[in-house]
Amino acid sequence: MDERLVRMLRRKLTALRHRVRSQLAEMEAGMMGSSQSEWSGELSAYDNHPADSASETYHREQQVGLIDSRRRILSMIDGVIAKMDDGTYGLCEKCGREIPAERLEAIPFTLLCKECREAQEAEMVSHPRPPEEGLIRDLFARLFSEGDSVGTDGEDVWQDVAEYGTSGTRQDMPGIVAVDSEEDTRAVEGTDSAADEEYDGI
């Protein structure tokens with residue numbers, strides 16, 4: 037690794053670390069060191085509409101996210117400067133090959149070569165859905181499976197919920213079943229619904 041390049045990148049990283057630290061200190065002092073009424077400018081949240089409180093909470097969460105991002109950047113910079121001190125800067129953490137100088141100049145705190153970084157990104161993209169979705173999918177597959185179950189199934193649940201309206205019906209008409217179904221509501225067999233029918237003249 038070229039010593040002149042390492043010195044130049046160290047100066048660049050030191051300046052960046054100083055700038056990020058001052059931003060972080062300013063954000064933490066303005067956000068985390070005060071109560072909600074101080075940073076929102078409100079004396080009390082008592083008479084606020086819930087949407088106003090939600091907006092303020094969202095803004096605060098956004099600021100907390102930005103603070104976490106600055107902390108991660110600082111941690112990365114500190115790690116790279118430590119690598120410069122022990123002489124391992126410029127070597128890919130995954131494959132051990134030397135990272136090209138052009139890449140280090142463009143991204144001074146990179147720890148992976150271009151090939152390893154692309155492989156890591158491809159691995160991340162190949163699993164875009166969270167694993168919890170598999171559990172939910174299995175649950176709904178059981179609820180809506182065709183079978184001879186006499187208990188409450190997914191279609192019965194849907195009929196109960198659809199009575200209050202769906203995205204395709206008017207919501208101001210209570211009591212109207214808004215779903216077409218192949219089976220009688222809450223009836224396992226046709227004879228079960230006989231008690232619901234009214235007969236005149238008996």
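So the mapping is simple: my numbering equals the position in the sequence shown, first residue as 1, plus 36. Here a beta-carbon is modelled for each residue, glycine too, at the ideal position from N, C-alpha and C. The structure displayed is predicted, hence computed values, not measured ones.
Excluding five sequence neighbours on each side, which residues of the same chain lie with their C-beta closer than 8 Å to the C-beta of residue i?
i    : result
V42  : M120, Y125, G126
V215 : In this predicted model, V215 has a pLDDT of only 49, less than 50, meaning its place in the structure is not dependable; the value taken from the coordinates is given anyway. Answer for V215: W194, Q195, A198, T202, listed in chain order.
Name the residue from the options whose alpha carbon lies nearest to the alpha carbon of residue i.
i    : options                : result
M44  : G66, V193, A137, S58   : A137
L148 : I135, L52, T205        : I135
R153 : E169, C131, Q195, R96  : C131
Q156 : L171, E141, P144, C128 : C128
C58  : T93, Y94, I103         : Per the sequence presented here, residue 58 reads as Ser, with Cys not at that position. Of the listed residues, the one whose Cα sits closest to S58 is I103.
A61  : Q99, G123, H95, F145   : Q99
R53  : S105, I109, H95, G101  : I109
T50  : D114, Y200, R96        : D114
Look at the Cβ atom of residue i, then the Cβ atom of residue j, and state whether they are nearer than 8 Å.
i    : j    : result
I117 : R46  : yes
K150 : R133 : no
M63  : R107 : no
Roughly how many angstroms separate the alpha carbons of residue i and residue j, rounded to a whole number?
i    : j    : result
M112 : S203 : 48 Å
R173 : P167 : 10 Å
G123 : E92  : 47 Å
R55  : L171 : 45 Å
E159 : I143 : 21 Å
D38  : E141 : 12 Å
K48  : T146 : 14 Å
A90  : G101 : 16 Å
R165 : Y94  : 25 Å
Y254 : E169 : Any question about residue 254 goes unanswered here, given that the chain covers just 37 to 238.
For residue i, which residues of its own chain have a beta-carbon under 6 Å away from its beta-carbon, when the five flanking residues on both sides are left out?
i  : result
G3 : It is not possible to answer for residue 3, since the shown part of the chain is limited to 37 through 238.
Can we count residue i as close to the ligand MG, meaning its CB is less than 7 Å from some heavy atom?
i    : result
C131 : Among the ligands in the structure shown, none appear at all, so the ligand MG cannot be discussed.
Report task. Note down, one range per segment and in chain order, each alpha helix (DSSP H) of at least 4 residues found wholly within the stretch 116 to 174. Result -> Runs found: 137 to 142, 150 to 161.
| message | In chain order, what are the residue ranges of uninterrupted alpha helix (DSSP H) at least 4 long that sit wholly in the stretch 83 to 114? | response | Listed in chain order, nothing qualifies, since the stretch 83 to 114 has no complete alpha helix (DSSP H) run of 4 or more residues.
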